[in-house]
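Protein sequences appear in the order of chains W and B. For the first sequence, numbering that gives the first Met the number 0 gives the first residue as 0, with consecutive numbering after it. For the second sequence, numbering that gives the first Met the number 0 gives the first residue as 0, with consecutive numbering after it.
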Amino acid sequence: MSSDQDHLKETDTEARFEFKKEENAAVRSGKGLTEEVIRMISEDKDEPDWMLERRLRALKQYHNMPMPSDWPGMPDLSELDVEEIIPYIRPDVDKREGVDDWTELPDEIKDTFDKLGIPEAEKNALSGVGAQYESEVVYQNMQEQWEEKGVIFCNMDEAVREHPELVKEHFMTTCVPPSDNKFAALHGAVWSGGSFVYVPEDVTVEMPVQAYFRMNSEGMGQFEHTLIIAEEGSEVHYIEGCSAPKYGTHNLHSGGVEVFVGEDAHVQYSTVQNWSKNTFNLNTKRAICEENGTMEWVSGSMGSKVTMLYPCTILKGRGSTDTHITIALAGEGQDIDTGAKVYHNAPETSSTIESKSISKDGGRTNYRGLVHIADGAENASTAVECDALMFDNDSTSDTMPYMEIEESKVDVAHEATVGKIGDEDIFYLQSRGLDDDDAKKMIVAGFIEPITEELPIEYAVELNRLIELEMEGSLG
Amino acid sequence: MSAGTQVHANLTEEQVREISDGLDEPDWLTETRLEALEALEDLDMPDVIRTPGRDWTNLHDLDFESLVDPLNAAENKDQVGPDEAEVLSWSDAVAEHETLLKEHFGTVVDPQENYLTALSTALFSTGTVIYVPEGVDAEDVAIRTEQNSRSLFNYTLVVTEESSSVTILERQSTGAEQDEQYYSGVVEVAAGENSYVQYGSLQNLSEEAYNFTVKRGVADTYATIDWIEGNLGTQLTKTEVSTTLSGDSSETQIVGAFYGHNDQHFDLDAKVWHRAEHTTADLVTRGVTDDVARSVYEGVQDVGTDAWDTSSYQRENTLMLSDESEADASPKLIINNHDTEASHSATVGQVDKEDLLYMTSRGIDPRSARNMLVEGFFVPVLEEIDVDELREDLEALIGARLRQRD
Numbered sequence: 000m001s002s003d004q005d006h007l008k009e010t011d012t013e014a015r016f017e018f019k020k021e022e023n024a025a026v027r028s029g030k031g032l033t034e035e036v037i038r039m040i041s042e043d044k045d046e047p048d049w050m051l052e053r054r055l056r057a058l059k060q061y062h063n064m065p066m067p068s069d070w071p072g073m074p075d076l077s078e079l080d081v082e083e084i085i086p087y088i089r090p091d092v093d094k095r096e097g098v099d100d101w102t103e104l105p106d107e108i109k110d111t112f113d114k115l116g117i118p119e120a121e122k123n124a125l126s127g128v129g130a131q132y133e134s135e136v137v138y139q140n141m142q143e144q145w146e147e148k149g150v151i152f153c154n155m156d157e158a159v160r161e162h163p164e165l166v167k168e169h170f171m172t173t174c175v176p177p178s179d180n181k182f183a184a185l186h187g188a189v190w191s192g193g194s195f196v197y198v199p200e201d202v203t204v205e206m207p208v209q210a211y212f213r214m215n216s217e218g219m220g221q222f223e224h225t226l227i228i229a230e231e232g233s234e235v236h237y238i239e240g241c242s243a244p245k246y247g248t249h250n251l252h253s254g255g256v257e258v259f260v261g262e263d264a265h266v267q268y269s270t271v272q273n274w275s276k277n278t279f280n281l282n283t284k285r286a287i288c289e290e291n292g293t294m295e296w297v298s299g300s301m302g303s304k305v306t307m308l309y310p311c312t313i314l315k316g317r318g319s320t321d322t323h324i325t326i327a328l329a330g331e332g333q334d335i336d337t338g339a340k341v342y343h344n345a346p347e348t349s350s351t352i353e354s355k356s357i358s359k360d361g362g363r364t365n366y367r368g369l370v371h372i373a374d375g376a377e378n379a380s381t382a383v384e385c386d387a388l389m390f391d392n393d394s395t396s397d398t399m400p401y402m403e404i405e406e407s408k409v410d411v412a413h414e415a416t417v418g419k420i421g422d423e424d425i426f427y428l429q430s431r432g433l434d435d436d437d438a439k440k441m442i443v444a445g446f447i448e449p450i451t452e453e454l455p456i457e458y459a460v461e462l463n464r465l466i467e468l469e470m471e472g473s474l475g
Numbered sequence: 000m001s002a003g004t005q006v007h008a009n010l011t012e013e014q015v016r017e018i019s020d021g022l023d024e025p026d027w028l029t030e031t032r033l034e035a036l037e038a039l040e041d042l043d044m045p046d047v048i049r050t051p052g053r054d055w056t057n058l059h060d061l062d063f064e065s066l067v068d069p070l071n072a073a074e075n076k077d078q079v080g081p082d083e084a085e086v087l088s089w090s091d092a093v094a095e096h097e098t099l100l101k102e103h104f105g106t107v108v109d110p111q112e113n114y115l116t117a118l119s120t121a122l123f124s125t126g127t128v129i130y131v132p133e134g135v136d137a138e139d140v141a142i143r144t145e146q147n148s149r150s151l152f153n154y155t156l157v158v159t160e161e162s163s164s165v166t167i168l169e170r171q172s173t174g175a176e177q178d179e180q181y182y183s184g185v186v187e188v189a190a191g192e193n194s195y196v197q198y199g200s201l202q203n204l205s206e207e208a209y210n211f212t213v214k215r216g217v218a219d220t221y222a223t224i225d226w227i228e229g230n231l232g233t234q235l236t237k238t239e240v241s242t243t244l245s246g247d248s249s250e251t252q253i254v255g256a257f258y259g260h261n262d263q264h265f266d267l268d269a270k271v272w273h274r275a276e277h278t279t280a281d282l283v284t285r286g287v288t289d290d291v292a293r294s295v296y297e298g299v300q301d302v303g304t305d306a307w308d309t310s311s312y313q314r315e316n317t318l319m320l321s322d323e324s325e326a327d328a329s330p331k332l333i334i335n336n337h338d339t340e341a342s343h344s345a346t347v348g349q350v351d352k353e354d355l356l357y358m359t360s361r362g363i364d365p366r367s368a369r370n371m372l373v374e375g376f377f378v379p380v381l382e383e384i385d386v387d388e389l390r391e392d393l394e395a396l397i398g399a400r401l402r403q404r405d
């Protein structure tokens, strides 16, 4: 590859992901986590009392919980000072009316998403698009044909107002209660924005629904909540993308995702995460699967300083299925601690976890997984496969799976391998005329192929591009 | 709160001095013991795996105050070896090899690593030292320990000089039937350059017993340490077998077999620390859980920054024979050098139904068919055991336990 092209690519990433905008805030909370801040957020959103009460309860739980500290090899969170994070920034758009015409957005926000390619993505056959800027969803659109079938795709704040019964029942109750972990409690207190997806019985949403999250302000926290309810026999694919520019201080992203997979329903949840390298990305994502339901998680984790993310599926109904496909890439100064959790709580359930990681330039990747097979989950089967590729000797790659098996009629298999790029493979490709860099790129592309083939083409291309850009200059 | 308070109440400096004096130990050793005793208050139980909501092994409920009876230790011990190597009782070793002890005691396993190693260091009253001089090939060193008291603290040190080799077989059993007992064993192996140590162990203590064991070796350049670890007895075992590959081109193999039935609980760790270039490790463990038994397996392959050209493999397979048993596993890979080929795998499953059907359709009664399949399951591990005697004994014990089943 010529150096001209290299140069072009670098400017391109800079332009696409790392530009900053002047802050455009209508409302901005103070720093820290006080009852006052929580009441202010709730008031600004004009929320019903029950939601405020839930927030305050979560805040109390947050203050009563210790930070996680005794995990073997856990990432360093000492630089994260939650009290210094600004939990809420509402950009200057009318949140109640919402905007469904792209041209009505304030120029600087529109520009941001234009640069990220959001409108193009929408044109390219998506069922609906939501875009969140700072703490609020600024743009939301759903194709009419889906609305007619009763599909709801709106931002979470709107869902609280328009669909209170559904939200009351499902919001941080059984799937991700605030008591689950410290960051879930934090999320329950300060959550803002996010998506609400409801798919009625037997409706198949054939094209993916997409949401994009962007953090722009320095030192802020983003806490979007995503709630997906897929009724019996329905099918939907939800995709989220995230990014933020680089700043000197630390940002915190602590999202919450709850997915309810009804009987015979099928939900795919795909994420391409490219937070800037000062972001602490500490999420709780969980799905509950009813009888014969299928949950699929596809995740690409590229950005952030620290990621701790273990999407979890509870296989509650007989015959339900879970698939995890994840790829993590850690470069300089990054600690990507990610994996998957599966609870087999019913008979005939099955799960597959396929995890790939790449570490380079001193980055650390860790697969941390938990497979739990409860007593009575007869004929459960699970297969876990982790592969790690290391580029240099400053990098680290760990694998820490945990398997808790309480039932005998099971089939449990875990496999993990770590290795460098094979000299023989490189030699082979070179002997076919490729230079060293291209040979390595080709090997990496082959390595991550199982992930990219699960994504819609634009995302697959983006993922490939991101990885290629991350790899730039680090090879050889 | 540390765990120390549990037992400390009935342990005194005088008791430790009495044990040490009885063995005619030099002052530095008495001091090491006393320091360990003093440290108890501040030390924690050995690490166990925790996942949300529980510790996989609960060591805190053990009533050490009633289990530990330091001045009444009693055992039957056989420690024999060929003439070329020195196989000494602890008191003989103290008398004849103080320099050797001073050089190695507590260097492989830190006496104050945790509460239980410190307890063992303060109170051990019996032990064996095996010294193999340069160039000597020593076969058939046997250490048999029969526990005849409430508690027994055992210490073993193996030192091999350059280009020597030794095969050691250790067994622990319980004498006249007693109620709850506590057995604690610390094994340190210092394998010199180009030496070979094979250390086999068969733990068949009473099923009322509690057992804590650390077996750890450090392998110098071109040295090999092979461990064979059979666990059948006790109601609770917490054991770690590990090797630090500190010399270039050193190697280790850890082969484990266990069979838990009734309400036995085995917490078995196999760990390797790659700390030099061109080192190789192979960890293989197979076991069965039956009735309401529980197995906890933690395997660690840790490749350090300087461990260039590492090969490291780990396999763990558990067969569950009953619905109520439980098998937990966590095989960990910690990789800090990219010039590494490492893999691990773990499986849990039950006796294959198709295999059973096949065998019964050939006229074998279901019970024999199942027994044959379980015995077959252990074959890959048994095949790794070079020592005929150990392999045959293990096979016999597994077979006998299997036939106890309905």
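Glycine is no exception: its CB is placed at the ideal position from the N, C-alpha and C atoms.
Residues sharing a beta bridge with residue i, DSSP
| i | result |
| --- | --- |
| MET219/W | ILE85/W |
| SER183/B | PHE152/B and PHE211/B |
| GLY199/B | LEU168/B and ILE227/B |
| THR236/B | ASN210/B and PHE265/B |
| SER354/W | THR325/W and CYS385/W |
Limits of the alpha helix (DSSP H) - the one that residue i falls within
| i | result |
| --- | --- |
| MET358/B | 352-360 |
| THR31/B | 26-38 |
| ASN113/B | Unbroken run through ASN113/B: none, as it is neither H nor E. |
| TRP274/W | Element bounds for TRP274/W: n/a, residue is neither H nor E. |
| TRP65/B | The question names Trp, but residue 65/B is Ser in the sequence shown. 63-66 is the span of the alpha helix (DSSP H), which, as asked, contains SER65/B. |
| ASN370/B | 365-381 |
| MET441/W | 435-451 |
| ALA415/W | Where ALA415/W is concerned, there is no enclosing alpha helix (DSSP H), although the beta strand (DSSP E) it sits in stretches over 409-419. |
Own chain partners of residue i with C-beta closer than 6 Å, once the 5 adjacent residues on each side are dropped
| i | result |
| --- | --- |
| GLY254/W | GLU223 and ASN282 |
| VAL79/B | ALA141 |
| GLY299/W | VAL271, ILE326 and LEU462 |
| THR172/W | none |
| ILE238/W | PRO207, GLN209 and SER269 |
| ARG95/W | Only weak support exists for where ARG95/W lies, its pLDDT of 49 falling under 50; the value from the coordinates is given anyway. Same-chain partners within the cutoff: there are none. |
| THR4/B | Low confidence applies here, because THR4/B scores a pLDDT of 47, under 50, leaving its location unreliable; read the following figure in that light. Answer for THR4/B: no residue qualifies. |
| GLU239/B | VAL213 and ASP268 |
| HIS265/W | GLU234 and THR293 |
Contact list for residue i against chain B, beta-carbon separation under 7 Å
| i | result |
| --- | --- |
| LEU369/W | THR50 |
| ASN344/W | Ordered by position in chain B, no residue passes the 7 Å Cβ test against ASN344/W, which lies about 14 Å from the chain. |
| ALA415/W | LEU332, SER342 and HIS343 |
Same chain, Cβ closer than 7 Å to residue i, five either side skipped, listed in chain order
| i | result |
| --- | --- |
| LEU332/B | GLN300, ALA341 and HIS343 |
| LYS419/W | MET389 |
| ALA35/B | PRO110, GLN111, ALA117, THR120 and ALA121 |
Chain-ordered chain B contacts of residue i [CB-CB under 9 Å]
| i | result |
| --- | --- |
| TYR401/W | ILE48, THR50, TRP55, ASP327, ALA328 and SER329 |
| PHE390/W | HIS337 |
Close beta carbons around residue i, own chain, < 8 Å, minus the five adjacent residues each side
| i | result |
| --- | --- |
| TYR424/W | First, the residue type needs correcting, since residue 424/W is Asp and not Tyr in the sequence shown. For ASP424/W, where only same-chain residues beyond five positions count, the Cβ hits under 8 Å are ALA438 and ILE442. |
Proximal chain W residues relative to residue i, where beta-carbon distance stays under 7 Å
| i | result |
| --- | --- |
| GLU340/B | GLY418 |
| GLY348/B | VAL409, ASP410 and VAL411 |
| ASN370/B | Near ASN370/B there are no residues of chain W at all, since even the closest Cβ is about 17 Å away, more than 7 Å. |
Under 8 Å by beta carbon: chain W residues contacting residue i
| i | result |
| --- | --- |
| LEU320/B | SER407 |
| LEU356/B | Under the 8 Å cutoff, chain W gives no residues; its nearest Cβ is about 15 Å from LEU356/B. |
| SER324/B | SER407 |
Where the beta strand (DSSP E) through residue i begins and ends
| i | result |
| --- | --- |
| GLU239/W | 234-242 |
| THR21/B | It is Gly, not Thr, that sits at residue 21/B in the sequence shown. Premise fails: GLY21/B lies in the alpha helix (DSSP H), 12-21, not in any beta strand (DSSP E). |
| ASP392/B | Element bounds for ASP392/B: not the beta strand (DSSP E) but the alpha helix (DSSP H), 387-403. |
Where residue i meets chain B, residues with beta-carbon distance less than 8 Å
| i | result |
| --- | --- |
| LEU303/W | According to the sequence shown, residue 303/W is Ser rather than Leu. Going along chain B, no residue has its Cβ under 8 Å from SER303/W, so there is no contact; the nearest lies around 21 Å. |
Could you name each continuous beta strand (DSSP E) segment of 3 residues or more that falls completely within the region 132-209 of chain W, going from the start of the chain to the end?
Complete beta strand (DSSP E) runs here, min 3: 135-141, 151-154 and 194-198.
List, from N- to C-terminal side, the beta strand (DSSP E) runs of 3 residues or more that fit wholly inside the region 242-299 of chain B.
DSSP runs (the beta strand (DSSP E)) wholly in the region 242-299 of chain B: 250-259, 264-273 and 279-288.
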